[in-house]
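**Student:** Please find one structure pasted underneath; my questions will follow.
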Amino acid sequence: MTGPAMDVTPYGEKEIFSAFHESKSFSKHLLTIYSLAVGVNAKKIVDLGIGSTTRALRFAAQTTGGVCYSCDVDTARFTSLLEHQDKHWKFFLGASEKFFAQLDGPYDFVLHDAAHDYYQVKMDLEAIIPKMKRFGLICIHDTQQTELSHDMLAAIKDALRGKAVSMVNLPFSSGLAIIRIEESALPEIVPSSGLLPDGRIETVPIACAMQVVEGADYGKADTSLRRWLHWRARKVIKGS
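Position 215, counted from 1, in the sequence shown is what this note's numbering calls 215; the numbers after and before it change by one each time, with no gaps.
Laid out in C-alpha cells, this is it:
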C-alpha cells in the first residue's frame, strides 16, 4: 500500500524563493544547492532522499539541460512518483548501494539527505567519491544537527581520509557540508557561463586541497562556538 503522492514538481523562480522563507529544516539551503548545481553547470545531479531538495535540483537540471537522478528507499511513500519521471528527472526506488551500482559516473553535483547513520553515510560517500568529476560538489545535510552531527561528521571524516578535498560547513538550518573534489581521474567540471566568445574558459578552477586532521575530537557535544568547529583541516603537504 502506498501513501499519498508527494509534490516533487520542479520549483519555479517564485516558488523557490517562497520555500526559502519557510520554517523547515532545509528551507534556507534551497537557494544554495540550486545555485551551486547551476554554477557548476551540473549535467548529472544525484539527489539522495526525496524532499524539497528534489524540487530544487529538478529546477537546476531544467536550467542546465541536465538530469537529476533521485534515490529513496521508502516504497510506502514514493512508489507513485515513478510514473512522473521525465527527461530531466529519473527516480530509483530502492537501496542506495543498488542505485550507485547502476548509475555510472561522472557526477557533477550530489546532495545527500537520506540516511543519517555513520555506516550508511560513509558507505554512500565511498560509492560517490570515485565517480565525481574534479571540482565537482557534494552537499551533505544535518552536519550541525544536535542529535545527528556526531555520526554525520565522523562518517565524512572517515570517508574522506586521504582524499584531496576542500570543505565548508554552513552552521544554520541543521548544517550543510559542501565538499569540493580537488583531485579526480575524471574530467574537470566546466562552470556555467564559463566560456568566452573565442572559446577560452573564463573561470579557471584552482585546486585547494585539504585533509582531515588526525585526532580531531568529534565526541563532545555542547552549545558553544566550538560546536561549529567540528571539522578541522590542514593543507596537504606532498608526500605526507
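From the three backbone atoms N, C-alpha and C, an ideal C-beta is built for every residue, glycine too.
If you draw a straight line from the C-alpha of Q145 to the C-alpha of L160, how long is it?
**Tutor:** Taking the straight line from one Cα to the other gives about 20 Å.
**Student:** Please name the residue, chosen from E126, C139, V67 and M123, that lies closest to N169 on a Cα-to-Cα basis.
**Tutor:** C139
**Student:** For S173, count neighbouring C-beta atoms within 10 Å of its own C-beta (all shown protein chains included) and say buried if the count is 16 or more, exposed if not.
**Tutor:** buried
**Student:** Does the Cβ-Cβ distance between R55 and V8 come in under 8 Å?
**Tutor:** Contact flag set, yes.
**Student:** With 16 as the cutoff for other CB atoms within 10 Å, does S184 come out buried or exposed?
**Tutor:** buried
**Student:** How should Q102 be labelled, buried or exposed, when 16 other C-beta atoms within 10 angstroms of its C-beta is the threshold for buried?
**Tutor:** exposed
**Student:** Does the segment 79 to 95 come within contact of the segment 22 to 33, defined as at least 3 CB pairs closer than 8 Å?
**Tutor:** Because the criterion of three Cβ pairs below 8 Å is not met, the segment 79 to 95 and the segment 22 to 33 do not touch.
**Student:** Would you grab the beta carbon distance between I179 and L137 for me? Rounded to a whole angstrom, and I think it's under 8 Å.
**Tutor:** 7 Å
**Student:** State buried or exposed for K14, treating a residue as buried only when at least 16 other CB atoms are found within 10 Å of its CB.
**Tutor:** Exposed, by the Cβ-count rule.
**Student:** With DSSP as the reference, identify every bridge partner of I189, one or two as the case may be.
**Tutor:** Looking at the DSSP assignment, I189 forms no beta bridge with any residue, so it has no partner.
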